[in-house]
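For reference, the structure is listed below as structure tokens.
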Amino acid sequence: MDFQPKQELVFGKIKLINDKVQNKETEIQSLKEGVKFETLEKMKLMKN
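Letter 17 of the sequence shown, counting from 1, is numbered 17 in UniProt numbering, and no numbers are missing.
Written out as structure tokens, the structure reads:
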């Protein structure tokens, strides 16, 4: 029996999941940056 196609399917799914995780991490990182920026802006406004 040939397991190759099934194995490739599994690797394809793993890659897809990894890509999704990578995208989420990037999204979270940019959200954190946005929050940092907003916090700095608010602090500047409060000082004035």
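Cβ atoms here follow ideal geometry from the backbone N, Cα and C, with glycine treated the same way.
Can you give the Cα-Cα distance for residue i and residue j, rounded to whole angstroms?
i      : j      : result
Val-10 : Val-21 : 16 Å
Leu-45 : Glu-38 : 11 Å
Lys-47 : Thr-26 : 32 Å
Pro-5  : Ile-28 : 35 Å
Ile-14 : Glu-33 : 29 Å
Ile-17 : Met-43 : 39 Å
Glu-41 : Asp-19 : 33 Å
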